Each structure stands twice: as C-alpha cells, then as structure tokens.
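Contents: one structure, followed by commentary.
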Amino acid sequence: PGGGGLLKDPSAAMGLLWIRRSIAFNAALFASVAASAKRDAAAPRRACLAAYAKELEPYHGWTLRRVYRLGLPRGMLPRQAFLARLAASESDADVQAAVEDMRALVAVWTPLLREWRRTFVELDLEDS
Numbered sequence: 022p023g024g025g026g027l028l029k030d031p032s033a034a035m036g037l038l039w040i041r042r043s044i045a046f047n048a049a050l051f052a053s054v055a056a057s058a059k060r061d062a063a064a065p066r067r068a069c070l071a072a073y074a075k076e077l078e079p080y081h082g083w084t085l086r087r088v089y090r091l092g093l094p095r096g097m098l099p100r101q102a103f104l105a106r107l108a109a110s111e112s113d114a115d116v117q118a119a120v121e122d123m124r125a126l127v128a129v130w131t132p133l134l135r136e137w138r139r140t141f142v143e144l145d146l147e148d149s
C-alpha cells in the first residue's frame, strides 16, 4: 500500500467503491434533512446538493456534474413531502418516526463508512 492504485472498471472493487460513495451520499443527505427545521421546505434540495458536492461530484466528469447539478435539485421534494414519502404516510407521528429512523440509519452507516474507507486506503483500492 502506498498510493497510485488504479482500479479496473468494471471490477468488484470499483463496484464496492461506488456502493460506498452512494451510501455516503445518502448518509449525508439523511443527516442533513433529519437535522433541518420542520418548516424548512428547501432543506432536501440544499442537503442533496451538499451531499453530492462532498461525496460524488469529485469523482464525476464535467458532463455528469452538469446532469447531477441540474437534475438532483429538481427531483427533490419539499421537506414534508420528502419525509411523508419515506414514511409512506403524512401523519405527524409517522413522519417523525421516519426522521428518527434516518438518524438511526446514519448512526449505523457512519462508523461502517469510516472503516470501509480506511480499509480501501490501506489496500490501495481508493480510486479517484
């Protein structure tokens, strides 16, 4: 291990790398939405763009960056509708349960993602 590793695409290692990046994107999105104010309708849009910028954008070329930056915010529902969709219900109790579930999921994902990244760096499988 020492840097300079290049992963074959497609390969199992590349697939695992993109699965981790996708989970990291969702963890950042969920953490931000769960922490947002109830009346902050635009929270999912902002969270989505911030999560994309941090977790996926550095690995995308110019074309994908443009597609994601234009398409992601347009596809995001306002906060209440986003949570109601996840909860499969519009009731306040179910929406609040969805928020708590998102927090719990992020709490599980965070150490897993940290260890997964550490292992990929150690094995020189962290492709850019």
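Number 118 in my numbering belongs to position 97 of the sequence shown; there are no gaps in the numbering. Here a beta-carbon is modelled for each residue, glycine too, at the ideal position from N, C-alpha and C. A quick note: this is a predicted structure, and the numbers were derived from the prediction, not measured.
Quick one: is residue i near chain D, going by C-beta distance under 9 Å?
| i | result |
| --- | --- |
| A114 | The structure shown has no chain D; it contains just one protein chain. |
Check this for me: beta carbons of residue i and residue j, under 9 Å apart or not?
| i | j | result |
| --- | --- | --- |
| L107 | L70 | no |
| A49 | E78 | no |
| A105 | V116 | yes |
| P99 | A68 | no |
| M35 | D145 | no |
| W130 | A45 | yes |
| R41 | R138 | yes |
Going by CA-CA distance only, name the one from the options that's closest to residue i.
| i | options | result |
| --- | --- | --- |
| A56 | P99, M123 and L134 | M123 |
| E121 | L146, F51 and P132 | F51 |
| T140 | L38, D30 and A118 | L38 |
| R95 | R66, Q117, L85 and A58 | R66 |
| A72 | W137, R90 and A118 | R90 |
| A58 | T84, Q101, A118 and V88 | Q101 |
Using the three-state DSSP reduction, which class does residue i fall into: helix, strand or coil?
| i | result |
| --- | --- |
| P79 | helix |
| S53 | helix |
| P94 | helix |
With residue i and residue j assumed to form a contact (beta carbons below 8 Å), what rounded beta-carbon distance in angstroms separates them?
| i | j | result |
| --- | --- | --- |
| V54 | F103 | 7 Å |
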